[in-house]
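Inspection log for the structure reproduced underneath, given as structure tokens.
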Amino acid sequence: MKIRKSKLMKFRADVRGSMPLYAQLEQFFISEIRKGVYKPETPLPSIAEIDDRISLGRVTIVRTMQELVKDGFATGIHGKGYYVTHRGEKALIGIVAPFNTVYMQIYVHLAAGVRNAADKLDHEVIIMSSDEDPRKFIQAVNEFINYRGSRWLVLVPPMDLQEKMFPEPMKLLDKIKRLKDIRIAIIDRSMADGVFQVRQDRLAGNLLLLRRAAEKKCRKVLFLNRYMDKWESKDEKLFSTLVREAVDIDPDMKLSFKSAGTAEEDMKFILREKIDAVLTDDIYARRLVNISGPRRQFYVSGYNGMAVATGINPRITTVNSNLAEAGQIAVDYLFEKREFDGNIFEVKPFLVEGETF
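Going by the numbering used here, the first residue of the sequence shown is number 41, and it counts up by one from there.
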């Protein structure tokens, strides 16, 4: 009795929280089961024991045990109580990414890659969205670790409009990376060394488009987005590198970039400057294609491989960031299925053929 009660002493009900009390208690038991505190085929504390220790009320506790049975973590045996099943032996991989933003279509590829790799290992995957909100990101990460018992996390930390990561999530990640029993993989973000990161090779993706521009005999190529100047100001110097690479691809090709304004203003600029090819993101590429109509006088491509580019006619030529492979690599790292040379791994994007470039 003392041992069983001591395990329950760690539970703290949040009576003001949005999660119902029965759900809070269920998540506590699931976390303890995943950690091995309660072993498969051993009994959970009885309803009377739980009620005696934490006083949530018998109805709430009964509902908790019913939910544990429903979710496969326990089984009820008549006259003997509730016993732990083997489901808790499966590793739980938590994904936190901005799924409820315009980038949802991008990170769906990431989730698919993680899930595919997890299925092969017979592990579970749960997805939570941060909405690029630092508070929601911290809340989701804490829920995975403290309430769901996950020790393997795939994370896309939120960024502000200047593409800078918020300090609060960084402080949390700094604490987590010091814990020996939790492994994390950061996706699609550039952070200081010391944590495993899988990034997309932006240079390789843009070079695919420049080679296509050379094939089409394009002389004036415009990068039209709000990111290029930010990437240029960072250490990667993406545009400067592309300019140097373009000389080897086609010495007659001239590159320029500008931040996107309104589609109407940018169309006037493109036509006035007699741009041959416009390289932008998928959403903006769709706007340009819609405005220019069937007699468009320039090539246009998107980037990221979103359905807004590939799922509507005319299909826009785009670059898939290959985050599906990033998800598979993250799982390989989390469960030490392969060796990595260093903490930073880059995946190669690939061209998705369309009708606009």
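Glycine is no exception: its CB is placed at the ideal position from the N, C-alpha and C atoms.
On a predicted model such as this, the values are computed, not experimentally measured, just so you know.
Item: When the Cα atoms are used, what is the spatial distance from F338 to L195?; Value: 38 Å
Item: Is it right to say P389 is buried, meaning 16 or more other beta carbons lie within 10 angstroms of its own, or is it exposed?; Value: buried
Item: Could you give the distance in angstroms between the alpha-carbon of I87 and the alpha-carbon of V102?; Value: 7 Å
Item: So, using beta-carbon positions, are D372 and A232 closer together than 8 Å?; Value: no
Item: DSSP three-state call for G367: helix, strand or coil?; Value: helix
Item: State yes or no: is the C-beta of L48 within less than 8 Å of the C-beta of R93?; Value: yes
Item: From R218, F184, A53, pick the residue whose C-alpha is nearest to that of S95; which is it?; Value: A53
Item: Could you tell me the alpha carbon to alpha carbon distance between M210 and F139, rounded to whole angstroms?; Value: 20 Å
Item: Do you know offhand how far K294's Cα is from P174's?; Value: 40 Å
Item: Classify N246 as buried or exposed, calling it buried when 16 or more other Cβ atoms lie within 10 Å of its own Cβ.; Value: buried
Item: L96 by DSSP, collapsed to three states: which one?; Value: coil
Item: Kindly indicate which three-state DSSP category V124 falls into: helix, strand or coil?; Value: strand
Item: Are S361 and N344 closer than 8 Å when you measure CB to CB?; Value: yes
Item: Counting along the chain, where does the alpha helix (DSSP H) carrying I185 start and finish?; Value: Careful: I185 lies outside any alpha helix (DSSP H) and carries neither H nor E.
Item: With a threshold of 8 Å between beta carbons, is M168 in contact with chain B?; Value: Absent here is chain B; the protein component of the structure consists of one chain.
Item: Taking the CB atoms as reference points, tell me whether T350 and F397 lie closer together than 8 Å.; Value: no
Item: Taking Cβ positions, are A151 and I135 nearer each other than 8 Å?; Value: yes
Item: Could you name the residues of the same chain whose beta carbon sits closer than 8 Å to that of D241, not counting the 5 residues immediately before and after it, in chain order?; Value: E386, V387, K388, P389
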